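Report on the structure given below.
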Amino acid sequence: MIKKYPNRRLYDTETSAYITLADVRQLVMDTADFVVRDAKTNEDLTRSILLQIILEEETGGAPMFTEAVLGNIIRFYGNAMQGFMGAYLEKNVQSFMDLQVKMAEQSKGLSPEKWAQFMNAQSPMMQGLMGTYVEQSKSVFTQMQEQMQKQSEQMLSAFGLKR
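Just so you know, we're using the numbering used here here: the sequence shown kicks off at 59 and counts up by one.
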């Protein structure tokens with residue numbers, strides 16, 4: 059557990075030491091389980107801290123998201139599709155992480171030079187994997203659309219309305 063104090067300092071209760079956002083980022087990189095709580099109210103601040111880390115990464119010179127992507131994400135807030143978009147993004151990120159694990163398993167023990175050679179040799183395979191990933195992503199989105207349509211039809215029929 060990490061406590062956040064009013065002076066904006068973070069205190070790791072496990073190590074009994076103050077830590078920085080960089081330390082919290084490292085916990086994320088290490089896939090450590092943690093929660094950040096307000097020291098006074100005990101409110102869960104984990105999401106807020108994670109968003110703060112993303113903001114720092116995005117403003118650090120090599121952003122992951124374009125302005126168009128950020129704008130589109132913002133547009134989904136308050137939209138009827140907000141819940142579906144969150145689930146869609148989560149499934150896609152997990153699929154991408156699974157792809158990354160497969161790549162890491164295939165490249166264990168490679169030096170940076172061998173890794174570069176591996177990547178060059180694997181370019182067609184990578185394109186195939188990315189194509190498969192995109193197709194899976196489309197499939198997930200289509201399934202979500204169908205589920206939403208069924209739910210809408212059920213809700214309308216419950217009110218005696220037909221489409």
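Ideal placement from N, C-alpha and C gives every residue a C-beta, glycine not left out. Just so we're clear, the structure is a prediction, and the values are computed from it rather than from any experiment.
Could you check which residue in N150, S195, D102, G141 has the C-alpha nearest to that of M206? As a working mapping, residue 206 is identified with position 148 in the sequence shown. For the residues N150, S195, D102, G141, the minimum Cα distance to M206 belongs to G141.
Close Cβ partners of Q194 (< 7 Å) along its chain, the five nearest in sequence each way excluded: Here residue 194 refers to the residue found at position 136 when the sequence shown is read from its first residue. For Q194, where only same-chain residues beyond five positions count, the Cβ hits under 7 Å are S153.
On the three-pair Cβ rule with 8 Å, is the stretch 62-78 touching the stretch 88-106? They touch, by the three-pair rule.
Using the DSSP secondary-structure output, state which residues sit across from L68 in a beta bridge. Position 10 of the sequence shown, counted from the start, is the residue given in the question as residue 68. Beta-bridge pairing links L68 to K62, I77.
Meets three-Cβ-pair contact criterion under 8 Å: the stretch 145-160 and the stretch 208-218: With the cut-off at 8 Å, the stretch 145-160 and the stretch 208-218 do not touch.
Taking the CB atoms as reference points, tell me whether Y76 and R67 lie closer together than 7 Å. Within the sequence shown, numbered from 1, the residue matching residue 76 stands at position 18. Within the sequence shown, numbered from 1, the residue matching residue 67 stands at position 9. In contact: Y76 and R67 (Cβ atoms closer than 7 Å).
By the DSSP assignment, the beta strand (DSSP E) with V94 in it spans what residues? Position 36 of the sequence shown, counted from the first residue, corresponds to residue 94. According to the DSSP assignment, V94 belongs to the beta strand (DSSP E) that extends over 94-96.
Would you decide whether L128 is buried or exposed? Buried here means 16 or more other CB atoms lie within 10 Å of its CB. As a first step, residue 128 is located in the sequence shown; it is residue number 70 there, counting from the start. Answer is exposed; the Cβ neighbour count stays below 16.
For M87, the nearest candidate out of I111, L103, Q164 (CA to CA): Translated into the one-based positions of the sequence shown, residue 87 becomes position 29. Taking only the C-alpha atoms, the option nearest M87 is I111.
Kindly give me the distance between the Cβ atoms of L79 and E114, rounded to whole angstroms, as I take these residues to be in contact under 8 Å. On the sequence shown, position 21 is the one that residue 79 refers to. On the sequence shown, position 56 is the one that residue 114 refers to. Indeed they touch by this definition, with Cβ atoms about 6 Å apart.
Nearest-angstrom Cα distance between L103 and M122? Within the sequence shown, numbered from 1, the residue matching residue 103 stands at position 45. Within the sequence shown, numbered from 1, the residue matching residue 122 stands at position 64. Cα-Cα distance, rounded: 24 Å.
Can you tell me the Cβ-Cβ gap for M202 and A145, rounded? I've got them flagged as a contact below 8 Å. As a first step, residue 202 must be located in the sequence shown, where it is residue number 144. As a first step, residue 145 must be located in the sequence shown, where it is residue number 87. Indeed, because the Cβ distance is near 7 Å, the residues count as touching under 8 Å.
Count the other CB atoms, across all protein chains shown, that sit within 10 Å of the CB of I107; report buried if there are 16 or more and exposed otherwise. Position 49 of the sequence shown, counting from 1, holds the residue named residue 107. Buried, by the Cβ-count rule.
According to DSSP, simplified to helix, strand and coil, what is D102? Walking along the sequence shown from the start, residue 102 turns up at place 44. DSSP places D102 within a strand segment (E or B) once states are collapsed to three.
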